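Okay, structure first, notes after.
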Amino acid sequence: MIKVLASGSKGNCYTVQAGGEILLLECGIGWKDILKGLNFDLSKVVGCLITHEHKDHCKAVNEVMKAGIDIYMSEGTAAGIEFKNHIYDYRVNTVKDDIFHVGNFKVLPFRVQHDTNEPLGFLIYHKDIGKIVFVTDTYYLKYVFHNADHILVECNYSERDIKDLPDYKVRVLKSHLSLETLQESLMLWDLEKTKTITLIHLSEANGDPEYFKEEIEFTTGKRTFIAVPGLEVK
Ligand SMILES: [Zn+2]
Ligand SMILES: [Zn+2]
Numbered sequence: 000m001i002k003v004l005a006s007g008s009k010g011n012c013y014t015v016q017a018g019g020e021i022l023l024l025e026c027g028i029g030w031k032d033i034l035k036g037l038n039f040d041l042s043k044v045v046g047c048l049i050t051h052e053h054k055d056h057c058k059a060v061n062e063v064m065k066a067g068i069d070i071y072m073s074e075g076t077a078a079g080i081e082f083k084n085h086i087y088d089y090r091v092n093t094v095k096d097d098i099f100h101v102g103n104f105k106v107l108p109f110r111v112q113h114d115t116n117e118p119l120g121f122l123i124y125h126k127d128i129g130k131i132v133f134v135t136d137t138y139y140l141k142y143v144f145h146n147a148d149h150i151l152v153e154c155n156y157s158e159r160d161i162k163d164l165p166d167y168k169v170r171v172l173k174s175h176l177s178l179e180t181l182q183e184s185l186m187l188w189d190l191e192k193t194k195t196i197t198l199i200h201l202s203e204a205n206g207d208p209e210y211f212k213e214e215i216e217f218t219t220g221k222r223t224f225i226a227v228p229g230l231e232v233k
């Protein structure tokens with residue numbers, strides 16, 4: 000099961016539960032909210048993947064490490080994060096584009112395109128939940144993913160809605176994934192085995208949840224969800 004604790008520019012955190020293990024995706028909310036989302040039980044948490052150093056993706060990183068959870072990110076992201084002290088440095092695992100294991104999860108990181116050092120997306124596999132594509136904060140999807148069971152993907156704004164925005168606002172949006180770019184990408188992916196698509200990291204001011212959901216369902220024919228806190232995807 001995939002659970003959304005938070006999604007969007009104010010904070011991102013998701014859990015993937017499979018085979019009695021929990022993998023955290025991002026920790027960009029307050030530590031207390033993460034604890035609450037885990038029902039105050041850290042015993043099943045095997046690790047935390049972090050895509051990049053923006054605070055909405057790693058706000059609680061120091062507390063996560065202090066709680067005994069290993070974190071996984073690129074070298075560039077690690078360099079961009081403010082670690083409070085260095086007592087827990089041994090919890091930081093820097094990854095390149097090779098498969099690594101976190102508990103019984105297999106993870107393949109891949110590069111995405113964003114305004115940070117070395118942002119990553121993750122292809123995650125666990126035998127009890129299958130293949131999950133997790134990709135956010137990227138203006139472009141360079142890779143094609145076939146037959147993912149679940150897709151968690153950014154759908155930040157629509158080109159339709161930003162025509163009259165001032166330039167500085169458009170610049171911020173342009174480091175994120177638009178509905179139209181996502182649609183073009185998904186058309187290239189083989190989705191035959193895909194069970195769900197969850198749209199994450201919608202722009203607060205320029206996102207249109209109902210429209211995005213309809214459009215993606217129309218393009219893909221797949222069950223599509225909007226990531227809101229508490230959403231559970233199976
Ligand atoms: Zn973000
Ligand atoms: Zn970002």
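With numbering that gives the first Met the number 0, the residue at position 128 of the sequence shown is 127, and numbering never jumps.
For glycine and all other residues, C-beta sits at the position ideal for the given N, C-alpha and C.
This one's a predicted model, so the numbers in the text were calculated from it and none came from an experiment.
Tell whether a beta-carbon distance below 8 Å holds between residue i and residue j.
i: M72; j: K233; result: no
i: L176; j: T218; result: no
i: E74; j: E117; result: yes
i: I28; j: K58; result: yes
i: K83; j: D148; result: no
i: F211; j: L164; result: no
i: K102; j: V15; result: Checking the sequence shown, residue 102 turns out to be Gly, not Lys. Contact flag unset, no.
i: I86; j: I70; result: no
i: F109; j: Y142; result: yes
i: E209; j: Q182; result: no
i: S184; j: L140; result: yes
i: L119; j: Y13; result: no
i: A5; j: D32; result: yes
DSSP has residue i in a bridge; who is on the other side?
i: I131; result: I123 and H149
i: N92; result: Y71
i: C47; result: L23 and I70
i: T14; result: K2 and L23
i: H100; result: K105
i: E231; result: K2
i: T223; result: I196
i: S177; result: Y156
i: R110; result: L119
Note down the Cα distance separating residue i from residue j, rounded to an integer number of angstroms.
i: T197; j: V3; result: 10 Å
i: L172; j: Y156; result: 7 Å
i: K162; j: V169; result: 9 Å
i: K105; j: K126; result: 9 Å
i: A204; j: G7; result: 11 Å
i: K221; j: I68; result: 34 Å
i: G19; j: D160; result: 42 Å
i: G229; j: S202; result: 18 Å
i: N92; j: E52; result: 14 Å
i: R90; j: V132; result: 24 Å
i: I199; j: L107; result: 20 Å
i: L190; j: C26; result: 29 Å
i: C47; j: E158; result: 33 Å
i: K35; j: S42; result: 14 Å
i: F224; j: G206; result: 14 Å
i: V94; j: E231; result: 28 Å
i: T180; j: F144; result: 15 Å
i: E76; j: W30; result: Checking the sequence shown, residue 76 turns out to be Thr, not Glu. Taking the straight line from one Cα to the other gives about 20 Å.
i: Y167; j: E216; result: 31 Å
Quick check on residue i - is its C-beta less than 8 Å from some C-beta in chain B?
i: T197; result: The structure shown contains no chain B; it is built from a single protein chain.
Would you decide whether residue i is buried or exposed? Buried here means 16 or more other CB atoms lie within 10 Å of its CB.
i: D55; result: buried
i: V227; result: exposed
i: A78; result: exposed
i: L22; result: buried
i: I98; result: exposed
i: M64; result: buried
i: H113; result: buried
i: N38; result: exposed
i: N11; result: buried
i: L187; result: exposed
i: N146; result: exposed
i: K9; result: exposed
Going by alpha carbons, who is nearest to residue i out of the options?
i: V134; options: L24, K35 and Q16; result: L24
i: I128; options: K192, C26 and E62; result: K192
i: H100; options: V111, D88 and Y124; result: Y124
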